[in-house]
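Asker: Residue numbers (the numbering used here): 189 to 343. Where a beta carbon is used, it is the ideal one built from N, C-alpha and C, also for glycine. Quick caveat: nothing in here was measured; it's all calculated off a predicted structure.
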Amino acid sequence: MSYRMLGCNIILVKSSRGDSADMTGMDEPTAIRSCTLHVCTSCRPRGMPRQPREQRPGFRLYQALCDAFDADPLQDWVDVRSADCLSLCPRPCGIALSSPGAWSYLFGDQQPDPRDIVECVRTYVRSADGSLPRDHRPESMRASILGRLPPSTGA
Numbered sequence: 189m190s191y192r193m194l195g196c197n198i199i200l201v202k203s204s205r206g207d208s209a210d211m212t213g214m215d216e217p218t219a220i221r222s223c224t225l226h227v228c229t230s231c232r233p234r235g236m237p238r239q240p241r242e243q244r245p246g247f248r249l250y251q252a253l254c255d256a257f258d259a260d261p262l263q264d265w266v267d268v269r270s271a272d273c274l275s276l277c278p279r280p281c282g283i284a285l286s287s288p289g290a291w292s293y294l295f296g297d298q299q300p301d302p303r304d305i306v307e308c309v310r311t312y313v314r315s316a317d318g319s320l321p322r323d324h325r326p327e328s329m330r331a332s333i334l335g336r337l338p339p340s341t342g343a
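1. Comparing alpha-carbon positions, which option in Cys273, Tyr293, Glu307 lies nearest arginine 241?
2. Report yes or no: do the region 243-259 and the region 326-341 share at least 3 C-beta pairs separated by less than 8 Å?
3. Taking 6 Å as the limit between beta carbons, can you name the residues of its chain near arginine 325, skipping five residues before and five after?
4. Provide the residue(s) that pair with glycine 335 in DSSP beta bridges, ordered along the chain.
5. What is the rounded straight-line gap between the Cα of serine 230 and the Cα of alanine 316?
6. Using C-beta distances below 7 Å, list every residue in its chain close to methionine 329, excluding the 5 sequence neighbours before and after it, in chain order.
7. Among Asp255, Pro278, Leu276, whose alpha-carbon lies nearest the alpha-carbon of arginine 269?
8. Taking the straight line between their C-alpha atoms, what separation do you get for isoleucine 283 and leucine 225?
9. Alpha carbon to alpha carbon, how far is valine 266 from glycine 289? Give it in angstroms, no decimals.
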């Protein structure tokens with residue numbers, strides 16, 4: 189699986205009404221922001237063996253997200269990257285969302301099922317400034333947010 193990062197390009201996409209795979213669900217052009225989804229591949233519950241690494245829940249979540257975005261219309265806008273450690277050990281599995289000029293987010297308590305994360309990323313890339321209001325995130329990602337960082341000003 190390969191993903192390409194498009195930098196901080198904002199891409200206008202004219203969508204058609206239709207199925208759930210539609211990125212925007214609207215008829216008007218919508219800004220689509222590229223982003224990076226960092227997935228902590230070392231995440232594991234306390235007491236779980238460190239090896240084999242491929243059995244850690246964080247590594248399995250990374251693989252599931254790569255597969256999910258490989259089959260999703262967002263694949264050209266999302267760069268899924270493994271992170272050796274996001275220092276969220278008490279709250280595995282951890283992910284972070286970032287995009288140049290946009291808010292960045294850190295989430296814990298993620299499960300190996302990628303569906304809610306994909307939906308959250310879908311909301312993120314449609315937001316002009318990367319805002320993810322609580323009521324716009326999937327239910328499972330409302331209480332799991334650990335922090336957000338303001339957009340970088342480049343200074």
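Answerer: Once the coordinates are examined:
1. Reading the sequence shown from its first residue, position 53 is the one you call residue 241. Out of Cys273, Tyr293, Glu307, Cys273 has the C-alpha closest to the C-alpha of arginine 241.
2. no
3. Here residue 325 is taken as the residue at index 137 of the sequence shown, counted from 1. Correct list, in chain order: Cys308.
4. Indexing the sequence shown from 1 puts residue 335 at position 147. Answer is Leu294.
5. Numbered from 1 along the sequence shown, position 42 holds the residue referred to as residue 230. Numbered from 1 along the sequence shown, position 128 holds the residue referred to as residue 316. Straight-line Cα distance between these residues: approximately 32 Å.
6. Counting from one through the sequence shown, the residue named residue 329 turns up at place 141. Contacts found: Phe295, Asp304, Cys308.
7. What you label residue 269 is simply residue 81 of the sequence shown in a count that begins at 1. Nearest C-alpha to arginine 269: Asp255.
8. Against the sequence shown, residue 283 aligns to sequence position 95. Against the sequence shown, residue 225 aligns to sequence position 37. If I take the Cα positions, the gap works out to 7 Å.
9. Residue mapping note: residue 289 aligns to position 101 of the sequence shown, counting from 1. Residue mapping note: residue 266 aligns to position 78 of the sequence shown, counting from 1. Approximately 15 Å between the Cα atoms of the pair.
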